[in-house]
Amino acid sequence: MHDILINWTPQETRVALIENGAVQDLHIERTLERGLVGNVYLGKVARVLPGMQSAFIDVGLERAAFLHVADLHGGGHHPKHDVAVQVPIERQVFEGQTLMVQVIKDPIGTKGARLSTQVSIAGRMLVFLPQDNHIGISQKIGSAELREQLRLRMQKLTATADGTPTGGFILRTNAEDASDDELADDIAYLRKAWAAIRAQGMSQPPGTLLHEDLNLAQRVLRDLATDSTQSIRIDSQLQFDALKSFGAAYTPGSAAKLELYKGERPIFDLFGIEEEIARALARRVDLKSGGYLIIDQTEALTTVDVNTGGFVGARNFDDTIFKTNLEAAGAIARQLRLRNLGGIIIVDFIDMVRDDHQAAVLAEFRKQLSRDRTKVTVSGFTQLGLVEMTRKRTRESLAHMLCQPCPTCEGRGQVKTARSVCYDVLREILREARQFNPKEFRVVASAAVVEMLLDEESQHLAGLSDFIGKPISLSTEPSFSPEQYDIVLL
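To convert, note that position 259 of the sequence shown is 259 in the UniProt record's numbering; the numbers rise steadily by one, no gaps.
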């Protein structure tokens, strides 16, 4: 059983899933960074461009949005002599026409949003395609037998009384183990959402936003709340009322668990969540036993290194390693969820001599990962003793969302020593002296570099000054980073 805490402010929504008093999952959404993808608008065709086979659509945004012929419902094709021939866009849309469109790509720079007339609405386990009638299944559900079973179940659940389908559906990966009741709930929610969109489309003028993809607080009721959820506590009266209204219409089971938090302490202080967020951004994660993890996130993959640290509690060294690895298995699974690390992940457990220890650690690791809502694949130990795994990327990692590369080291994690910068300065002065003939060279650098040039490197500085025949003065700039310097010609 678990509880969900929602901390809401106008600029940011944060959600924490608490189990056994510890944070197991964390979600953050910032108001200014919410995209438009998934939003459905009633648009008006502003201009048709036959040469580009596209049209500009006014949907009430700052810039007109872009619709290509390939994104028209049906793909703009018709059969002719058993060959698919594209129908030109000018024969399908015209200036002044009103169209229901959905954003499929956010505006970037000077480019407007990209649109499609093929509307799709995402649910917890299904994606609803109201303009189609077929049942699709995610390619990630690999078993052909399971795919066929799911298709037959969906055909029964979606057919009307006379057996005809009403709208198409795509089963997402988390529908793999869903019950008929769960699928039926998702179908009902999606059809109700589409009915609301259509009703608005009939009565509103062009430029109206008909449907906005759910915000994080709403997605808690739709996606995160389950039968295991004991309570959903939120610290905003305004959002509590809005969620109650939304939940009563779409997710009554989840809405019944909503509670308004009125405590004096901030809601995230109840379980030390602020400290947990700070720890989730650190490179090192300490284990209760005295061991620790080192987590490094790179462009290509994430590596996790397990170390015994100060743990000496077991009777012999093999048991120490085994117990550290067992504890690390649970900690790593939790950190992957907290940090939302995706892609290729390499785990370097401490080397174990016994095969039964290896098997037990791998079994524990898979057990802990089974609680993850995101699709995870573990391939086991390699010949080098590493565990290779993948975790589906669903959103930006916590570090990418809350942090940026260090402007001093530019993400390298280290900077040049003061002595290295001193030698860079001396080489640069020599280079400048060969091209220019100033009266004096002035070095502007950080305090550590200037101090070293005046002390340990003073002999080299004086020798260079004699060699080029020009005086060299020094000036400290407190705002300069350790590697930053400037050579001023006077």
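Heads up, the beta-carbon is just placed ideally off N, CA and C, and yes, glycines get one too.
So, helix, strand or coil for residue i, using DSSP?
i, result
"residue 463", "helix"
"residue 172", "coil"
"residue 365", "helix"
"residue 203", "helix"
"residue 21", "coil"
"residue 381", "strand"
"residue 261", "coil"
"residue 388", "strand"
"residue 325", "helix"
"residue 317", "helix"
"residue 397", "coil"
"residue 140", "coil"
"residue 248", "helix"
"residue 58", "strand"
"residue 240", "helix"
"residue 374", "coil"
"residue 35", "coil"
"residue 66", "strand"
"residue 331", "helix"
"residue 150", "helix"
"residue 419", "helix"
Just the C-alpha distance for residue i and residue j, rounded to the nearest angstrom, thanks.
i, j, result
"residue 126", "residue 183", "8 Å"
"residue 39", "residue 139", "25 Å"
"residue 203", "residue 296", "53 Å"
"residue 355", "residue 365", "15 Å"
"residue 276", "residue 197", "40 Å"
"residue 463", "residue 283", "44 Å"
"residue 232", "residue 257", "6 Å"
"residue 247", "residue 406", "42 Å"
"residue 44", "residue 391", "41 Å"
"residue 191", "residue 380", "42 Å"
"residue 398", "residue 305", "19 Å"
"residue 486", "residue 409", "17 Å"
"residue 188", "residue 31", "29 Å"
"residue 261", "residue 387", "42 Å"
"residue 289", "residue 377", "28 Å"
"residue 27", "residue 150", "30 Å"
"residue 65", "residue 179", "40 Å"
"residue 8", "residue 432", "57 Å"
"residue 167", "residue 91", "26 Å"
"residue 385", "residue 316", "21 Å"
"residue 278", "residue 174", "30 Å"
"residue 221", "residue 242", "12 Å"
"residue 484", "residue 239", "48 Å"
"residue 119", "residue 101", "7 Å"
"residue 223", "residue 217", "10 Å"
"residue 273", "residue 344", "27 Å"
"residue 137", "residue 172", "7 Å"
"residue 11", "residue 21", "27 Å"
"residue 76", "residue 99", "With a pLDDT of only 47 at residue 76, under the threshold of 50, the placement of this residue in the model should not be trusted, and no figure is reported."
"residue 375", "residue 143", "15 Å"
Sort out for me which residues DSSP pairs residue i with in a bridge.
i, result
"residue 350", "According to DSSP, residue 350 bridges with nothing at all."
"residue 13", "8 and 29"
"residue 111", "108"
"residue 215", "Partner(s): none; residue 215 has no beta bridge."
"residue 296", "303"
"residue 343", "391"
"residue 3", "18 and 231"
"residue 41", "101 and 209"
Got a sec? Which residues, its chain only, sit under 8 Å from residue i by beta carbon, not counting five neighbours each side?
i, result
"residue 447", "476 and 478"
"residue 360", "322 and 326"
"residue 2", "17, 18, 19, 24, 228, 229 and 230"
"residue 110", "63"
"residue 205", "42"
"residue 333", "365, 368, 369, 371 and 372"
"residue 105", "37, 113 and 114"
Would you say residue i lies against chain C (beta-carbon separation less than 8 Å)?
i, result
"residue 158", "In the structure shown, chain C does not exist; there is a single protein chain."
Note down, in chain order, each residue of its chain lying with its Cβ closer than 6 Å to the Cβ of residue i, except the 5 sequence neighbours on either side.
i, result
"residue 208", "42"
"residue 482", "415 and 446"
"residue 195", "none"
"residue 51", "none"
"residue 438", "489 and 490"
Take residue i and list the residues in its own chain whose beta-carbon comes closer than 7 Å to its own, dropping the five residues that flank it on each side.
i, result
"residue 186", "123, 124, 125 and 126"
"residue 442", "473, 475, 488 and 490"
"residue 440", "470, 471, 473 and 490"
"residue 54", "66, 67, 68, 69 and 89"
"residue 49", "55"
Kindly give me the distance between the Cβ atoms of residue i and residue j, rounded to whole angstroms, as I take these residues to be in contact under 8 Å.
i, j, result
"residue 36", "residue 103", "4 Å"
"residue 474", "residue 490", "Not quite, the Cβ-Cβ distance comes to about 13 Å (not below 8 Å), so this is no contact."
"residue 508", "residue 155", "Within the shown structure, residues of the chain are numbered from 1 to 490, placing residue 508 beyond reach of any answer."
"residue 235", "residue 267", "4 Å"
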